[in-house]
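Report on one structure; see the data block that follows.
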Amino acid sequence: MEETTEIVSDGGDEAAPAAVTMDVENGLIEEEKNMDGEVAPALISIHPFEKSVVVAVGSELRLFNLEGNCSVSLIDDPSGPSHSDAIRSINFGASGKFLASAGDDKLVKIWETSSWHCIHTVSADKRVSAVAISHSGRYVAFADKFGVVWLLGLDEDDAKQTKVDKKVVPILGHYCSIITRLEFSPYERFIASADRDFKIRITVFPKLPLKGAHEIQSFCLGHKDFVSCFAFACPPGCAHGFLFSGSGDSTVRLWDFISGLLLATCEVGAMVGSLQYNGTEDGYPPVTDLCVSSDGSIIAVAIQSLRGIVLLSCGFSDRTLSVAKVVTLEDNYFPTSMVLSSLTQRLWMVMGASNLPTLSATQLPTRIRVMSGFHKDPSDYNGHDPITLEDNEVPGGKKLLSELQGSFDVAMEEAALAAAAAAVKASMRNMLIKKEYAIERREMRKRNRNDRKLR
Amino acid sequence: MLNRLGSAAIWPFFIVFDTNQTAPSQRRSPSPPSLVRVSFLPVPDRGRVARGIPREHPGNHSPSFALTTASQNRPRSTVAMSSNADTAQAKSRSGRLPRKRFYRARAHSNPLSDSHFPIPISPADFDCSHHYPYFFPPGSGGRSDGDAPPRKVRFADIGCGFGGLLVGLSPLFPDTLMLGMELRDKVTEYVKERILALRASNPGHYENISVVRTNSMKYLPNYFEKGQLSKMFFLFPDPHFKEKNHRRRVISPQLLDEYAYALEVGGIIYTITDVEELGDWMRSCLEDHPLFGAVPEEELKLDPVVKLLSSATEEGQKVARNGGQTFRAVYRRIKLEEE
Numbered sequence: 001m002e003e004t005t006e007i008v009s010d011g012g013d014e015a016a017p018a019a020v021t022m023d024v025e026n027g028l029i030e031e032e033k034n035m036d037g038e039v040a041p042a043l044i045s046i047h048p049f050e051k052s053v054v055v056a057v058g059s060e061l062r063l064f065n066l067e068g069n070c071s072v073s074l075i076d077d078p079s080g081p082s083h084s085d086a087i088r089s090i091n092f093g094a095s096g097k098f099l100a101s102a103g104d105d106k107l108v109k110i111w112e113t114s115s116w117h118c119i120h121t122v123s124a125d126k127r128v129s130a131v132a133i134s135h136s137g138r139y140v141a142f143a144d145k146f147g148v149v150w151l152l153g154l155d156e157d158d159a160k161q162t163k164v165d166k167k168v169v170p171i172l173g174h175y176c177s178i179i180t181r182l183e184f185s186p187y188e189r190f191i192a193s194a195d196r197d198f199k200i201r202i203t204v205f206p207k208l209p210l211k212g213a214h215e216i217q218s219f220c221l222g223h224k225d226f227v228s229c230f231a232f233a234c235p236p237g238c239a240h241g242f243l244f245s246g247s248g249d250s251t252v253r254l255w256d257f258i259s260g261l262l263l264a265t266c267e268v269g270a271m272v273g274s275l276q277y278n279g280t281e282d283g284y285p286p287v288t289d290l291c292v293s294s295d296g297s298i299i300a301v302a303i304q305s306l307r308g309i310v311l312l313s314c315g316f317s318d319r320t321l322s323v324a325k326v327v328t329l330e331d332n333y334f335p336t337s338m339v340l341s342s343l344t345q346r347l348w349m350v351m352g353a354s355n356l357p358t359l360s361a362t363q364l365p366t367r368i369r370v371m372s373g374f375h376k377d378p379s380d381y382n383g384h385d386p387i388t389l390e391d392n393e394v395p396g397g398k399k400l401l402s403e404l405q406g407s408f409d410v411a412m413e414e415a416a417l418a419a420a421a422a423a424v425k426a427s428m429r430n431m432l433i434k435k436e437y438a439i440e441r442r443e444m445r446k447r448n449r450n451d452r453k454l455r
Numbered sequence: 456m457l458n459r460l461g462s463a464a465i466w467p468f469f470i471v472f473d474t475n476q477t478a479p480s481q482r483r484s485p486s487p488p489s490l491v492r493v494s495f496l497p498v499p500d501r502g503r504v505a506r507g508i509p510r511e512h513p514g515n516h517s518p519s520f521a522l523t524t525a526s527q528n529r530p531r532s533t534v535a536m537s538s539n540a541d542t543a544q545a546k547s548r549s550g551r552l553p554r555k556r557f558y559r560a561r562a563h564s565n566p567l568s569d570s571h572f573p574i575p576i577s578p579a580d581f582d583c584s585h586h587y588p589y590f591f592p593p594g595s596g597g598r599s600d601g602d603a604p605p606r607k608v609r610f611a612d613i614g615c616g617f618g619g620l621l622v623g624l625s626p627l628f629p630d631t632l633m634l635g636m637e638l639r640d641k642v643t644e645y646v647k648e649r650i651l652a653l654r655a656s657n658p659g660h661y662e663n664i665s666v667v668r669t670n671s672m673k674y675l676p677n678y679f680e681k682g683q684l685s686k687m688f689f690l691f692p693d694p695h696f697k698e699k700n701h702r703r704r705v706i707s708p709q710l711l712d713e714y715a716y717a718l719e720v721g722g723i724i725y726t727i728t729d730v731e732e733l734g735d736w737m738r739s740c741l742e743d744h745p746l747f748g749a750v751p752e753e754e755l756k757l758d759p760v761v762k763l764l765s766s767a768t769e770e771g772q773k774v775a776r777n778g779g780q781t782f783r784a785v786y787r788r789i790k791l792e793e794e
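Chains as they are written, first to last, in the working numbering: chain A, 1 to 455; chain B, 456 to 794.
Take a look at the structure:
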């Protein structure tokens, strides 16, 4: 009893946020005991040469070989543990030699994409929130929820066998902030990391990165909430390229990442706001995912609670970014993750979540949609929309869908999937949005504070 | 400066606040018993244990260890302040210096917590004219002298504490803008009042210093552009002895990347502490960092700022008073050499 009073009394204005931090550390939310735990969105990724598609849902990796038109089973590392908790990030590097997967179980697994063997498992200290493979395929970088980016070296020996340098080294850090995305810039010159403290850090990726990446090129500052996603684009005739980022403040921004200069802002949420959302929103909903083709001609944005996607058009020369088209999909379809295949310019979308309390089936369902028919000139969307492919038109067809979705016919599960989208939304908000306490609550906490000024 | 736990030098200092503040509060407003106890023993438990003050019988606060220490200390702290700022003179004019006893300072503030104070979205968003009105007269549009680029903050005192260093530095570099950054809001408030009082009592002086409440470990890039700063100060930071808490230290290999970003090439980072373990830590972090190189001892002897490190700040004076040792590490931001 006495202890309790003590804690409350010490919880003045300055001590009060301590509780919140603890929550961040545990990934839990204070006072939101009614929440149904953490839910991770289903993720999708595609091989850079479209050899395969992978979907991660929960702790499960589902793989389909597009080249051979068959499903593939992964061969796990016999010496290491398997994924046991939600996968938070999957990434093929630009070379496509490896696939990296990582998540809440603090494991980072590196899969060799020709044999689909797991060649290495890293046991991280903290939950892993993002993973990236360098363009050369020589390094795997992963970021944890404490804001540290670690690097693992992969080396090929004479017999073309990939040798893994067993040691992971921390190369940079965001000060105790959850890193939401990690990506290498074109030509591997920089490594970019985004966090929930509204910033994107562009760090020079050195020649000997295992000694640490200390030189910061720039910070892209301008977002007013967590940065959820970003992507590089390099239009022809441009030396370095540009960076697009999406955020919880419902905007997509265009950056010159060399200088950190904000070039353009598109208030996607407000622009799309005229279309009705499901339920009432406080403020505009966050941008959840962003796909940009390498030349920047296709910019697809997923927004929470929007059934469909938004296509943006960007004028790189006159620095404009505007909504070109809102493509709506059928009711109850809210993509949780997307990927754009660079060869065929198809946009793959997935909807799903890692745990569904209402779910009856043993396998977690996901729903995959594929969109194609994008125009080179984004201002030319009038009249012709990109086409959402019917299930039998999807590359790989029924076989692919039944493999990646869990079952071919997931129409029955649609309600569950919609619930999944809602759960993902709540979970994302809990994890990334900074908690603001209501005035009454703060007053209550301050009631016992003892650092009041006496005058 | 950041305050810290566990060093003997610090405790008498806090006791000054405890006793000075609780006694009048009890006299003026009879509060319910539970509150009385709380307000009488406001510091965290470990502090109380360290000082040997019993938890029980809070109402029975006849002159004890704490009170005597306070009475011994009070005059000294006043002297310490007046040596910097000519207190007597200041009081006779309009600008009255704030009194520390009215600013209950906590020893710590959690640097890991999510913050509720406003933060500039980017350095361009930081309003210099609000902080340094003398250098940014209204109507000049942020340009102080003709077409020259607007003046920018060049010195940053990270964890400025009660602002002793800023006040000491201000007359040495009258044309250089300096910003103190402090996480504890009461302390920031005190420094703000102190600077305003100094400005009022010394017209034309102390116009180049200001203070913000912020978490510099998280938000430094929101205040300073790349290469904007020429000097950064980390004086008597919180030692955070436990290994588990090393990530809370203000000097760490990862945070040094950010300091190197904010400092111009050739800019200098000054660190000092009275905790040997922390001194070793800060030195080795700086030594191992490829973007920092040690400043030679001869150069330090000529640098007028170095003398202020141990003498200007309240914390430094306390250490000197107790005959403590200080450990200094001064490094220069260098260009990276690619092997």
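A virtual CB, placed ideally from N, CA and C, is assigned to each residue, including glycine. Keep in mind it's a predicted model, so treat the numbers as computed, not measured.
Using a C-beta cutoff of 9 Å, does A:Ile216 count as contacting chain B? For A:Ile216, the nearest beta carbon of chain B is closer than 9 Å to its own beta carbon.
Is the shortest distance between the beta-carbon of A:Leu243 and the beta-carbons of chain B less than 9 Å? Among the residues facing chain B, A:Leu243 is not included, as its CB has no counterpart in that chain under 9 Å away.
Using 8 Å as the cut-off, can you tell me whether the region 336-348 of chain A makes contact with the region 45-56 of chain A, which would need three or more C-beta pairs spanning the two stretches below that distance? Output reads yes: the region 45-56 of chain A touches the region 336-348 of chain A.
Residue span of the beta strand (DSSP E) that contains A:Asp144, given as start and end: Its beta strand (DSSP E) spans residues Tyr139 to Asp144.
Distance, Cα to Cα, A:Leu210 vs A:Gly153? Cα to Cα, the separation comes out at about 8 Å.
Hey, how far is the Cα of A:Val131 from the Cα of B:Ser656? Cα to Cα, A:Val131 sits roughly 57 Å from B:Ser656.
Return yes when the Cβ of B:Asn663 is within less than 9 Å of the Cβ of B:Phe590, no when it is not. Result yes, Cβ atoms of B:Phe590 and B:Asn663 sit closer than 9 Å.
Proximal chain A residues relative to B:Ala715, where beta-carbon distance stays under 8 Å: One finds His214, Glu215 and Ile216 in chain A with Cβ atoms closer than 8 Å to the Cβ of B:Ala715, taken in chain order.
List, in chain order, every chain B residue whose beta-carbon is nearer than 9 Å to that of A:Cys176. Against A:Cys176, the close residues of chain B are Pro566, Leu567, Met672, Lys673, Arg702 and Arg703, in the order they occur along the chain (beta-carbon pairs closer than 9 Å).
Within the continuous alpha helix (DSSP H) that includes B:Lys756, where are the two ends? Note, B:Lys756: alpha helix (DSSP H), Glu752 to Leu757.
Any C-beta of chain B sitting closer than 9 Å to the C-beta of A:Gly27? Confidence in A:Gly27 is poor, its pLDDT being 36 and thus under 50, which makes the residue's placement too unreliable to answer from.
Should A:Phe236 be flagged as near chain B, meaning a C-beta pair shorter than 9 Å? Sequence inspection shows Pro at residue 236 of chain A; the Phe mentioned does not correspond to that position. For A:Pro236, the nearest beta carbon of chain B is not closer than 9 Å to its own beta carbon.
Need the endpoints of the beta strand (DSSP E) that B:Gly748 sits in, please. Taken as a continuous stretch (DSSP letters only), the beta strand (DSSP E) holding B:Gly748 covers Phe747 to Ala749.
Cutting at 7 Å between CB atoms, please list the residues of its own chain near A:Cys266, excluding the five before and the five after it. Closer than 7 Å at Cβ, skipping near neighbours: Thr251, Val252, Leu312, Leu321, Ser322 and Val323.
C-beta neighbour in chain B for A:Lys224, strict 9 Å: The Cβ of A:Lys224 sits closer than 9 Å to at least one Cβ of chain B.
Who are A:Asp289's beta bridge partners in DSSP? Answer is A:Ala302.
Under a CB-based cut-off of 9 Å, is B:His571 close to chain A? Closer than 9 Å to some Cβ of chain A, the Cβ of B:His571 qualifies, so yes.
Beta-carbon spacing of A:Phe190, A:Ser293 below 9 Å: Going by C-beta atoms, A:Phe190 is not nearer than 9 Å to A:Ser293.
Since A:Arg369 is in the beta strand (DSSP E), which residue starts that stretch and which ends it? Counting along the chain, the beta strand (DSSP E) containing A:Arg369 begins and ends at Arg367 to Ser372.
What is the rounded straight-line gap between the Cα of A:Tyr437 and the Cα of A:Asn430? Rounded to whole angstroms, the separation of the alpha carbons of A:Asn430 and A:Tyr437 is 13 Å.
Which residues bound the beta strand (DSSP E) around B:Arg554? Unbroken run through B:Arg554: none, as it is neither H nor E.
What span of residues does the alpha helix (DSSP H) with A:Val268 cover, start to end? Segment Val268 to Val272, the alpha helix (DSSP H) holding A:Val268.
DSSP three-state label for A:Lys199, please. A:Lys199: strand per DSSP, three-state reduction.
Evaluate contact between the region 635-655 of chain B and the region 558-566 of chain B, counting only Cβ atoms and requiring at least three cross-stretch pairs below 8 Å. The region 635-655 of chain B vs the region 558-566 of chain B: in contact.
Given that a residue counts as buried once 16 or more other Cβ atoms are within 10 Å of its Cβ, and exposed if not, what is A:Glu403? Taking a 10 Å sphere around the C-beta of A:Glu403, we find 16 or more other C-beta atoms and assign the residue as buried.
If we ignore side chains and look at the alpha-carbon of each, how far apart do A:Phe146 and A:Ile90 end up? Between A:Phe146 and A:Ile90, the C-alpha separation is close to 19 Å.
For A:Met444, count neighbouring Cβ atoms within 10 angstroms of its own Cβ and tell me buried if that reaches 16, exposed if not. Classification for A:Met444: exposed.
Candidates A:Gly352, A:Trp348 and A:Asn355, of which the one nearest A:Val370 by Cα: Residue A:Trp348 is the option with its Cα nearest to A:Val370.
Roughly how many whole angstroms lie between the Cα atoms of B:Asp500 and B:Val667? Annotation note: pLDDT 38 at B:Asp500 (below 50); position unreliable, coordinate value reported separately. Roughly 29 Å separates the two Cα atoms.
Counting C-beta neighbours from all protein chains within 10 Å, is the total for B:Arg510 16 or more, i.e. buried, or is it exposed? For B:Arg510, the predicted model reports a pLDDT of 38, less than 50, meaning its position is unreliable; a value from the coordinates is still stated below. A residue is called buried once 16 or more other Cβ atoms fall within 10 Å of its Cβ, and B:Arg510, having fewer, is exposed.
Of all Cβ atoms in chain A, is any one closer than 9 Å to the Cβ of B:Ser605? Note that residue 605 of chain B is Pro in the sequence shown here, rather than Ser. Under the Cβ distance rule, B:Pro605 does not count among the residues neighbouring chain A, no pair being separated by less than 9 Å.
When DSSP labels each residue in this structure, what does A:Arg181 get in the three-state scheme? Three-state DSSP puts A:Arg181 in a strand.
Can you confirm whether the region 72-85 of chain A touches the region 100-112 of chain A when touching is taken to mean that 3 or more C-beta pairs between the two stretches lie within less than 8 Å? With the rule of 3 Cβ pairs closer than 8 Å, the region 100-112 of chain A counts as touching the region 72-85 of chain A.
Answer with buried or exposed for A:Lys97, where buried requires no fewer than 16 other C-beta atoms within 10 angstroms of its C-beta. By the neighbour-count rule (16 or more Cβ atoms within 10 Å), A:Lys97 is buried.
DSSP state of B:Asn670, grouped into three classes? In this structure, DSSP gives B:Asn670 a state outside helix and strand, which the three-state scheme calls coil.
Here's a check: name, in chain order, each residue in its chain whose Cβ is nearer than 6 Å to the Cβ of A:Ala194, leaving out the five neighbours to either side. Hits under 6 Å: Thr180, Arg181, Ile200, Val227 and Phe230.
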